[in-house]
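Going line by line, the protein sequences match chains A and B.
Counted the way our numbering counts, the first sequence spans residues 149 to 469.
Counted the way our numbering counts, the second sequence spans residues 118 to 303.
Beta carbons are placed, not taken as given, at the ideal position from N, Cα and C, and that holds for glycine.
Inspection log for the structure reproduced underneath, given as structure tokens.
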Amino acid sequence: MTIPKVIKKGEFPHKDLVSMEQLSEKEIYMILDTASRFKKISLRNIKKVPALKGKTVINLFFEPSTRTRTSFEIAAKRLSADIVNITSTASAVVKGETLLDTAQTLMAMKPDFMIIRHSYSGSALYLSRIVSASVLNAGDGLHEHPTQALLDLYTMKEYKGQLEGLKVAIVGDIAHSRVARSNIIGLNKVKAEVMLVGPKTLIPSSIEKMNVKVSYDLKEAICWADVVMMLRIQLERLTEGLFPTIREYSMLYGLNRDMLKFLKKDAIIMHPGPINRNVEISPEVVGDKRCVILNQVENGIAVRMAVLFLLRGAEKVSIEQ
Amino acid sequence: MKSNNKVILKGEEIHKLILKIAKEIAERYKCNSRDLALVGIRTGGVYLMERIYRILKKKLKTDMPRGIVDITLYRDDIDSPLSKPEVGETELLFDVNDKYIILIDDVLYTGRTIRAAIDVIIDFGRPKKIDVAVLIDRGHREIPFYAEFVGCKIETLGRDKINVVFTEEGKRKEDVVILERGEGKI
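Following this line, the structure appears as structure tokens:
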């Protein structure tokens with residue numbers, strides 16, 4: 149079997165973006181700076197630049213997604229790349245094809261980028277090792293979702309000016325959240341402070357080793373934070389018996405009008421979406437001027453354009469093995 | 118170590134060339150000065166654009182919009198490992214439609230930069246006309262572009278380099294144009 153060996157030199161020496169773990173602080177800032185240039189392109193009349201003209205991008209989504217898939221698709225199109233969407237329900241995966249076979253079949257069509265979302269942790273890393281295309285992780289199981297963390301960092305920097313020393317509270321189902329994990333890693337690298345909040349059953353034990361504070365009291369976190377990031381409560385967790393009822397969760401850990409009173413005037417409220425209104429976040433909070441959920445979506449396109457742009461042009465050398 | 122660098126133009130000489138370019142633009146566009154706009158190509162072209170702007174503003178007794186284009190995303194060698202990933206900002210904050218645009222760069226060489234810059238402008242709208250103004254035309258075109266307004270022409274070899282250093286960059290106290298002779302055979 150031919151294993152592609154890919155060399156990429158220069159100031160952004162990565163073939164793939166699989167995790168926040170792989171990025172240095174300097175590289176994170178390079179992505180954010182590049183993204184700020186790309187954000188303006190979306191405000192132009194002609195929202196397209198020829199940077200990735202002639203490149204092919206495959207969106208390979210084995211899990212449902214609207215915003216991430218659309219965001220990547222628009223990002224690629226604004227850079228003039230050609231993009232193909234593959235969703236698991238409409239692919240040969242339902243016929244029993246393995247990820248390896250799917251990857252090799254797609255590679256025979258010579259794409260330059262593959263964007264993957266998969267329910268297995270580590271699937272993006274696996275894919276990056278078997279294909280010569282640049283692989284972008286759009287969420288792999290409980291592991292990471294790096295572009296979400298990058299767009300969150302971008303949004304925090306945009307509103308709060310600097311990331312160093314910023315107090316960020318992440319509220320909700322930490323245990324099952326790849327968004328939380330990528331954000332914790334990214335925030336640590338840029339020297340922000342992180343506090344995790346949620347019921348004990350949804351916060352992994354020994355998570356303090358990731359250099360974070362833990363609190364089981366939402367009010368304490370709200371008073372402390374410059375940024376409050378609410379996570380979506382996946383309703384399927386209810387059947388696993390991790391908390392008794394949605395109503396109880398909402399009362400203890402939902403961000404509502406009463407809780408907003410304790411939030412700093414210049415703090416911001418974030419949510420990776422999709423939101424469950426009246427579960428983790430109440431409609432009044434979504435309408436609050438400190439809530440930047442839609443700005444996150446807007447910034448997502450710029451950040452994904454930046455990542456695609458910086459990963460371009462990997463020099464590919466195949467070696468027989 | 119033997120230096121291959123030679124200062125070929127400096128200070129006052131460069132100022133005279135800029136004056137000459139500005140004068141020619143003013144002559145040509147005195148009837149359309151209301152629709153005139155200056156666009157500099159990042160980074161060398163931006164300093165030159167500002168210099169020309171200050172002279173033109175006095176000569177034509179009118180203000181005109183200025184813009185900056187960054188061609189990074191429009192390069193035709195974007196895949197080459199030499200190209201840096203830095204993306205500068207394009208600032209075209211005026212309506213380019215129906216404008217007479219003077220596109221300004223310090224050196225005209227292969228023509229590829231001008232090609233990319235024109236593409237950027239056209240993505241913002243449809244100017245009435247685009248003219249190119251450069252301080253130095255060093256020949257060796259790879260794409261058939263020409264500059265309407267040229268400070269001076271300099272004979273060079275393909276392997277040579279021309280560096281224009283304006284005082285605004287903070288590196289020197291005087292403007293200079295440096296010819297860096299390349300090593301080896303042609």
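Output yes or no for whether 7 Å exceeds the beta carbon distance between residue i and residue j.
i, j, result
"B:R159", "B:D187", "yes"
"A:P422", "A:Q296", "no"
"A:A199", "A:L227", "yes"
"A:I332", "A:V376", "no"
"B:E259", "B:T227", "yes"
"A:S269", "A:L290", "yes"
"A:I231", "A:D321", "no"
"B:L220", "B:V249", "yes"
"A:P352", "A:A323", "yes"
"A:R265", "A:S213", "yes"
"A:V345", "A:V319", "yes"
"B:D223", "B:L173", "no"
"A:M378", "A:I429", "yes"
"B:V124", "B:I295", "yes"
"A:L208", "A:M262", "yes"
"B:A264", "B:L209", "no"
"A:K163", "A:S282", "yes"
"A:L248", "A:I206", "no"
"A:K315", "A:D365", "no"
"B:L136", "B:Y146", "no"
"A:M168", "A:S330", "yes"
In whole angstroms, what separates the C-alpha of residue i from that of residue j?
i, j, result
"A:N426", "A:S398", "7 Å"
"A:T216", "B:G242", "31 Å"
"B:S150", "B:Y170", "12 Å"
"A:K464", "A:V279", "Low confidence applies here, because A:K464 scores a pLDDT of 47, under 50, leaving its location unreliable; read the following figure in that light. Using only the alpha carbons, I get a separation of about 10 Å."
"B:E297", "A:I222", "44 Å"
"A:M343", "A:N336", "11 Å"
"B:V293", "A:Y307", "42 Å"
"A:G448", "A:E384", "27 Å"
"A:Q444", "A:V451", "10 Å"
"B:E286", "A:T250", "53 Å"
"A:E468", "A:Q310", "With a pLDDT of 36 at A:E468, under the threshold of 50, the predicted position of this residue should be treated as unreliable, and no value is reported."
"A:W372", "A:L284", "34 Å"
"A:L191", "B:F211", "14 Å"
"B:R183", "B:K245", "16 Å"
"A:E432", "A:E396", "19 Å"
"B:G205", "A:A454", "13 Å"
"B:K175", "B:G268", "20 Å"
"B:E300", "B:F283", "26 Å"
"A:L456", "B:E129", "46 Å"
"B:I247", "B:R255", "21 Å"
"A:I189", "A:V197", "8 Å"
Would you list the residues sitting across from residue i in a DSSP beta bridge?
i, result
"A:D288", "A:H266 and A:E292"
"A:M378", "A:V319"
"A:V363", "Contrary to the premise, residue 363 of chain A reads as Ser rather than Val in this sequence. According to DSSP, which records beta bridges pairwise, A:S363 is partnered with A:V345."
"B:Y263", "B:Y263 is not bridged to any residue."
"A:F186", "None, per the DSSP bridge assignment."
"B:E297", "B:N122 and B:K278"
"B:Y217", "B:L153 and B:K246"
"B:R183", "B:L155"
"A:N193", "Looking at the DSSP assignment, A:N193 forms no beta bridge with any residue, so it has no partner."
"B:C148", "None; B:C148 has no bridge partner."
"A:L403", "A:I429"
"A:L165", "A:L284"
Could you check if residue i is buried or exposed, using at least 16 other CB atoms within 10 Å of its CB as the buried criterion?
i, result
"A:V242", "exposed"
"A:K256", "Here the sequence assigns Ala to residue 256 of chain A, which means Lys is not the residue at that position. Exposed, because fewer than 16 other Cβ atoms sit within 10 Å of the Cβ of A:A256."
"A:H293", "buried"
"A:K101", "With chain A running from 149 to 469 in the structure shown, residue 101 of chain A is simply not present."
"A:R460", "buried"
"A:C439", "buried"
"B:D215", "exposed"
"A:L458", "buried"
"A:K413", "exposed"
"A:D300", "buried"
"B:L155", "buried"
"B:I185", "buried"
"B:N122", "exposed"
"A:P259", "buried"
"A:K367", "exposed"
"A:G389", "exposed"
"A:K305", "buried"
Jot down the residue ranges of each uninterrupted beta strand (DSSP E) in the region 405-450 of chain A, minimum 3 residues, whole runs only, in chain order. Qualifying beta strand (DSSP E) stretches, in chain order: 416-418.
What runs of the alpha helix (DSSP H), each 4 residues or longer, lie entirely inside the region 296-352 of chain A? 326-337
Runs of beta strand (DSSP E) wholly within the region 224-261 of chain A (minimum 3 residues, chain order): 230-235
Check distances from the C-beta atoms of the region 169-196 of chain B to those of chain E and list, in chain order, the residues that come in under 7 Å. You won't find chain E in this structure, because its protein chains are A and B.
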